Structures are given as C-alpha cells and as structure tokens.
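Asks: So that we are looking at the same thing, I have put the structure below in structure tokens.
Chains as they are written, first to last, in our numbering: chain A, 1 to 242; chain B, 1 to 160.
Quick look at the structure:
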C-alpha cells in the first residue's frame, strides 16, 4: 500500500484494520501523523454526533407502546394479545443485546473493546513519538505533565465510551502495553483484571485513572510508577498514593 | 431496548434536526417494529433492522422538512463552564454537521454513530459501496473545510 491508497482509505473509514494499512502505517511517519490527525478529528466528530438522549425516552416508548396496545385491544382489536406478546418478545430479544452491552460498560471492558477494535493496528508501532506530542495530548485534555515518560510509540485523544481519554501505546521488550489515562474520572479502588488472554490494571493517579492493558502484567508496576511521576510529580509518588 | 432507543434517537436527531421529531420517530419505529417482529431474523441484526424502519418512517413523515442550521459565527463558544473547549468544539462541529447535505450526512452518521461498514450502509441506503465511500470521504472533507479550511483532499487523492 502506498501513501495515496492509505490516505484515501483514511478519509473513507479511519478504522484502519487491514494488514497492508498497518504495515504502511508503521513504515511511514507522514501517514502516521495523518492518522493521528484523522483520529483526533474522528474523536471530535463522534463526540459531537452523540447528542444527549432525552431522559426517560425508553420508558416513555415502552409505556406508550403498551398503553396503545391495551387501547387497541379494548376497542376490539382481535389480535391484541398477539401484539402484546410480540412486544414482550421483542423487548426480551432486544434486552439480550442490551444486557450484553451493559456488561461491557465497565472501564476495563470499554478499554479492552477500544484497544482491540479500531486501535489494534497501533499496537504494532514501535518508533517513539516526540515527547511534545504526548505533552500536547494531555494538555488538550486539561492535564499538566510534570515530565513526559519515554517510549510512547502512539498517542491520541480518544473518546472511550463516554470518557475522554489520552490513549498511548508503550512497546516493551516482549509486548506492547496500552496505557490510557481518564482525566477527572477517579476509580473507586485499584484493581487488576483479566479479559481473555489480556491482563489489565486500573488505578487512580492524580485526578484521573490510569488503565494499562497487555498480555502479561510484568511491566505494570514500573509503568504505574513512571506515570505517577509524570502526573503527580516525584514527591507524591515517593509518598505512595495507590 | 434502552441502548437501541438512545442510538435510534441520535440517528433520528441527525436525520430530522429536531429533538421532538426524533423522539416521535423513535416511538413510531418501535411501534412498527413490534408489529413486524417476524421480520427480525436474528437478534444481532436488530440495530440495522430498527435503523431501516426509522429511515423509512422519516422519509414517510418528515423528509420534506429541512434540517435547521445555525451559522457557525452565531454559536456561543464562550470560555466559561466546566469544559469550555469541549462544549465549544461540540457546538461548532454540530453546526457544521447540520449544514452537510443529507446525502453526505446520513452515511457519515451511520458509519460513525452506528458503527456500520460501508457495505452495510450501502445496503441500507440502496446505493453502491463505492458511492458510500465517496460520500463519507466528501462528508469529512466538507466538515474539515468548514471547520479548519483544510485543502480539498478528495481532489488530491483522485476521488470522483
């Protein structure tokens, strides 16, 4: 894949997923910059499109539906009970999907879905980005970094679920580690988690939550220390705040 | 149903540009869905199925009603409030999206909000996949042009 094809693909569907596109992304710094810009734009776009849903909409829809069916039955609608049964069946069927989605609403599950979805190609990146890019991403999220950790190969301001985040990839010797920072969201308690073959950790750091995801936990302690230094400064890190 | 009602409402909002109409469309969509339950072959296809019903209802009831638009210069993007940059950015972006022609806005909304592939969008809209690809590309180009004055990338990359 050449730059022209890649840019065309990027403008058509920024969820770059093909192997050829990933290879090109890894080898071409200019297209990587273009990808980062496109991704930032997509974040703005998806956030803007997600207009607030009126409170109680689903309840009103269900209530109106059931009320309407009862009225129809009362006025002699012969198959009213079938419609009611159908309504219940549809609610049940759609409810199954809803429960599946609801179970994916936790921070760990949102991160796993995000990292393994459109962001998966980024795990292959190994060339470090400029420290200014990392600093700018945090600044844009309203977070000041006391220092910028080295070894970030990818950084983007990603919306994850309803949360604005800074999403990074930090390649280590044997694996890439996805590191996401959720500004102004404070997890109640630090925890390690496992989803399939992936292991993660969510921990409160400064005024937000740091989430790491990788195939094993070997780098988590060191990276947590590094990001505490960067986000809280060395003094707070030495005192320990996990 | 709650997850679907929210997604459908947003889709309806970007079709009609009006919150009240969007809520009516969601209501009507579920009404029709309940009456046509046997058309739902598999639960995983519920979103696409409901989206198709909603599109048809919008076309039947409201398509002639133009989308209300706001001049970018008239937006309040003051620097006060909890996250002014986010609020201001969203308002500017929403105004720009509202200015897109429906043929550009609709496939873009289906792709970004609905998560549908170009192929799936093509089937829903009854156009070719190539046309969808061109429209979503041009939709982004027009938005960037409105927001940032970026150069016309479609011409550079040789899209029709």
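All C-beta atoms in this analysis are idealised placements derived from N, C-alpha and C, irrespective of residue type, glycine included.
In this text, all values refer to a predicted model and were calculated from it rather than measured experimentally.
Quick one: grab the DSSP three-state call for residue 191/A.
Replies: The residue you call residue 191/A lines up with position 191 of the first chain. Strand at residue 191/A.
Asks: Please confirm whether residue 90/B has its beta-carbon closer than 8 Å to some beta-carbon of chain A.
Replies: Working through the second chain from its first residue, we reach residue 90/B at position 90. With 8 Å as the cut-off, residue 90/B counts as an interface residue toward chain A.
Asks: Going along chain B in order, which residues have a C-beta closer than 7 Å to the C-beta of residue 132/A?
Replies: Sequence index remark: in the first chain, residue 132/A carries index 132 (1-based). Under the 7 Å cutoff, chain B gives no residues; its nearest Cβ is about 19 Å from residue 132/A.
Asks: From the DSSP output, in three-state form, read off residue 52/A for me.
Replies: Residue numbering aside, residue 52/A sits at position 52 when the first chain is read from its first letter. Residue 52/A falls in the coil class under three-state DSSP.
Asks: Taking the beta strand (DSSP E) that residue 21/A belongs to, which residues open and close that run?
Replies: Taking the first residue of the first chain as position 1, residue 21/A is located at position 21. Element bounds for residue 21/A: not the beta strand (DSSP E) but the alpha helix (DSSP H), 19 to 27.
Asks: Going along chain B in order, which residues have a C-beta closer than 7 Å to the C-beta of residue 44/A?
Replies: The residue labelled residue 44/A in the question sits at position 44 within the first chain. Within 7 Å Cβ-Cβ: 89, 93.
Asks: Give the single residue among 208/A, 188/A, 111/A, 167/A whose Cα lies nearest to the Cα of residue 200/A.
Replies: As a position in the first chain, residue 200/A is number 200, starting the count at 1. Per the Cα distances, 111/A.
Asks: Consult DSSP for residue 209/A and reduce its assignment to one of helix, strand or coil.
Replies: The sequence position of residue 209/A within the first chain is 209, counting from 1. Three-state DSSP puts residue 209/A in a strand.
Asks: Quick one: does the C-beta of residue 135/B sit closer than 7 Å to a heavy atom of the ligand HEM?
Replies: What this structure holds is no ligand at all, so the ligand HEM is not there to describe.
Asks: On the DSSP bridge assignment, give the partners of residue 30/B in chain order.
Replies: As a first step, residue 30/B must be located in the second chain, where it is residue number 30. BP columns for residue 30/B are empty, so no partner.
Asks: Based on Cα-Cα distance, which residue from 167/A, 30/A, 151/A lies nearest to residue 222/A?
Replies: Against the first chain, residue 222/A aligns to sequence position 222. Taking only the C-alpha atoms, the option nearest residue 222/A is 151/A.
Asks: Using a Cβ-Cβ cut-off of 6 Å (strictly less than) and excluding sequence neighbours within five positions of residue 9/B, which residues of its own chain qualify?
Replies: Position 9 of the second chain, counted from the start, is the residue given in the question as residue 9/B. Cβ neighbours of residue 9/B beyond the five flanking positions: 22, 26.
Asks: Looking at chain B, is there any beta carbon in it that lies within less than 8 Å of the beta carbon of residue 58/A?
Replies: Position 58 of the first chain holds residue 58/A. True, the Cβ-Cβ gap to chain B drops below 8 Å.
Asks: Could you work out which residues of chain A lie near residue 144/B, taking near to mean beta carbons separated by less than 8 Å?
Replies: Within the second chain, the letter at position 144 stands for residue 144/B. Those are 41, listed as they occur along chain A.
Asks: Nearest by alpha-carbon distance to residue 145/A: which of 155/A, 154/A, 183/A, 230/A is it?
Replies: As a position in the first chain, residue 145/A is number 145, starting the count at 1. It is 230/A whose Cα lies nearest to the Cα of residue 145/A.
Asks: Which residues in the same chain have their Cβ closer than 8 Å to the Cβ of residue 7/A, if we skip the five residues on either side of it in sequence?
Replies: For this step, residue 7/A is matched to residue 7 along the first chain. So the qualifying residues of the chain are 31, 34.
Asks: Mind the definition here: the segment 109 to 116 of chain B touches the segment 9 to 18 of chain B only if three or more C-beta pairs lie below 8 Å; say whether that holds.
Replies: Cβ pair count under 8 Å is three or more, so yes.
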